[in-house]
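Per the working numbering, the sequence shown starts with residue 40, numbered consecutively.
Structure first, then comments.
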Amino acid sequence: MRLLIATSNPHKIEEILAVARGQETELELLGLKDAGVDVPEPVEDKPDFAGNALLKATYYAEHAKLPCLADDSGLEVDALKGAPGVISARYAGTTGGRDIVDPANNQKLMQELGDTPADQRRARFVCAMALAWPGKQHEPILVRGTFEGRIITPDQADDPKQPHLGRGTNGFGYDPLFWLEDRGCTSAELSPGEKNAISHRGDATRKLLLALRHWRVHEPASP
Ligand code: ITT
């Protein structure tokens with residue numbers, strides 16, 4: 040079975056492929072470029088992660104004419120009533136490449152939290168992952184993974200004068216600010232394999248592949 044991993048985020052595709060390739064030998068996994076899909080990104084206008092994941096998976100499945108997996112993810116901070124949530128990728132409203140947008144989002148997050156004490160900086164990454172078939176041949180599969188942690192305090196940053204740069208250089212997005220109490224580091228200080236083993240996206244990918252295996256056993260006539 041050929042499966043398109045539909046994301047424009049190169050970090051997401053690396054993470055999903057690493058988990059999927061470790062578990063699945065029967066799937067041929069393609070990225071948007073491999074599948075020759077060159078269409079504008081869809082507008083993510085749903086109020087929750089699940090709605091946007093389904094929207095992206097369905098959109099790309101129709102364009103590629105292939106079963107398509109998409110992830111909508113983000114960070115929920117309790118002290119900010121769940122913000123940045125579904126607008127995590129565009130929290131600061133800055134436009135440009137990820138090298139500009141990610142630090143701007145991180146700066147806004149640290150500013151919003153100000154001197155909120157460590158025990159009130161609880162947060163989680165959430166990943167909704169959907170698999171949709173072209174022509175709505177089958178019901179989509181939808182799963183959710185979460186990753187619990189908290190946002191670092193400014194004094195925990197490598198450079199307390201630039202707290203939004205946080206700690207660590209692995210991962211992407213909010214990883215340099217996402218503190219894992221039990222490990223004593225941020226998710227940007229984990230190796231890719233360590234992050235995938237415990238992250239929202241690793242969790243969602245494993246759940247989705249399990250659901251797909253189940254589906255394939257019960258749908259023998261399907262592609
Ligand atoms: P696609 O829609 O093309 O998949 P995107 O990056 O725009 O790519 P989202 O709309 O799902 O994806 O936004 C996810 C944002 O949430 C991402 O840009 C980060 O800011 C944040 N995020 C999600 N997962 C993360 C992770 O594992 N580590 C750090 N930040 C993460």
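Cβ coordinates follow ideal geometry from the N, Cα and C atoms, glycine included.
Nothing here was measured: the structure is a model prediction, and the numbers come from that model.
In the three-state scheme derived from DSSP, where H, G and I count as helix and E and B as strand, M149 is classed as helix. Pairing G153 with T64, the inter-Cα distance amounts to about 47 Å. R255 has its alpha-carbon roughly 43 Å from the corresponding atom of A143.
F164 places its beta carbon less than 8 Å from that of H239. By the criterion of a C-beta distance shorter than 6 Å, W218 is surrounded in its chain by G188, R189, I191 and T225, once the five residues flanking it on both sides are discounted. Cβ atoms of D214 and L204 stay farther apart than 8 Å, at about 12 Å.
The segment 99-106 and the segment 120-140 do not touch, with fewer than 3 CB-CB distances between them shorter than 8 Å.
For W218, no alpha helix (DSSP H) segment is defined; the enclosing uninterrupted segment is the beta strand (DSSP E) at F217 to L219. Excluding its 5 nearest sequence neighbours in each direction, A167 has C-beta neighbours in its own chain below 6 Å: F88, A89, A92, D111 and R183, listed in chain order.
One thing to note: A109 has its Cβ no nearer than 8 Å to the Cβ of A59. In this structure, the straight-line span from the alpha carbon of D117 to that of Q159 is close to 8 Å. Within the chosen limit of 7 Å, the ligand ITT reaches the beta carbon of R240 through at least one heavy atom. Comparing alpha carbon positions, the residue from E53, L69 and P123 closest to P86 is P123.
Counting along the chain, the unbroken beta strand (DSSP E) around I44 starts and ends at R41 to I44. Counting only runs that start and end inside the segment 55-121, the alpha helix (DSSP H) elements of at least 4 residues fall at 88-103. Here R206 is buried, its C-beta having at least 16 other C-beta atoms within 10 Å.
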